[in-house]
């Protein structure tokens, strides 16, 4: 039986998290985007000169539009200016998870079962740190993988602790692309139906509200994009 998914303030917590400076940035941005109705996927800080802070986020259904990225960017800019977790000039970049997305929550490992994944462990399991194979789902905080490259004498079906992973990511395949297109079309239809509802009957959803506040003076520039642009 699958364990109940742990949540924080109604949002399922991430089991794979970033270390160091990226973790400090994540601690600042995560509560902000959650109040807007989004979920944090990952934060990355790259480059010493021309530093970029990439915040990857999504809606609860896994989608993320350019407009969503812009909403998050406008909300995060003044908060990052005030908290100042990065001690140099940087560019703030908001992105969607993309098709070959990272898996960071228990529900990610359940939702994308059947797809090919590659995993880098922070703590070795079964005598190794790298795994590649078909994701069979999750049991509690353990991901089940059918390895495609298991040497003779090693188990092909393995259970890996999600919290011991440094990174887990979907591998781009034709099947994954087709599934992503299907999800995208479904999200577009739902958005179209929502846009056509009379304003009075439309429920208040903070994730659809535009933040019209101007950017603070800050020391960073902003860019909203889809992953892979």
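In the working numbering, the protein residues as written are 59 to 287.
No residue lacks a Cβ here, since even glycine has one placed at the ideal position from N, Cα and C.
| Query | Result |
| --- | --- |
| Identity of the residue in 205, 199, 104 and 123 nearest residue 177 by Cα | 205 |
| Integer-rounded CB distance, given that residue 203 should sit under 8 Å from residue 73 | Not quite, the Cβ-Cβ distance comes to about 15 Å (not below 8 Å), so this is no contact. |
| Spatial distance of residue 222 from residue 179 (CA atoms) | 6 Å |
| Simplified DSSP assignment, three categories, for residue 121 | coil |
| Run of the beta strand (DSSP E) containing residue 89, from where it starts to where it stops | Unbroken run through residue 89 is the alpha helix (DSSP H), 78–93; no beta strand (DSSP E). |
| Between the CA atoms of residue 165 and residue 69 - distance to the nearest angstrom | 11 Å |
| Presumed contact (8 Å Cβ cut-off) between residue 155 and residue 99, rounded CB distance | 5 Å |
| Enclosing alpha helix (DSSP H) for residue 187 [first to last residue] | It is not in any alpha helix (DSSP H) - residue 187 instead sits in the beta strand (DSSP E) that spans 186–197. |
| Rounded separation between residue 146 and residue 83 - CA only | 13 Å |
| Residue 108 classed as buried or exposed, judged by whether at least 16 other C-beta atoms fall within 10 angstroms | exposed |
| Nearest candidate by alpha-carbon position, reference residue 104, set 131, 80, 92 and 94 | 80 |
| Three-state secondary structure (DSSP) of residue 169 | helix |
| Nearest residue (CA-CA) to residue 229, options 121, 240, 191 and 215 | 191 |
| Residue 131 versus residue 114: straight-line alpha-carbon distance, rounded | 11 Å |
| Residue 153 in three-state terms, based on DSSP | strand |
| For residue 146, the first and last residue of its enclosing beta strand (DSSP E) | Premise fails: residue 146 is in no beta strand (DSSP E) and is neither H nor E. |
| Proximity winner among 195, 168, 212 and 242, relative to residue 184 (alpha-carbon distances) | 212 |
| Identified DSSP bridge partners for residue 204 | 192 and 215 |
| Nearest neighbour of residue 97, chosen from 76, 119 and 112 [CA to CA] | 119 |
| Closest residue to residue 215 among 200, 225 and 226 (Cα-Cα distance) | 200 |
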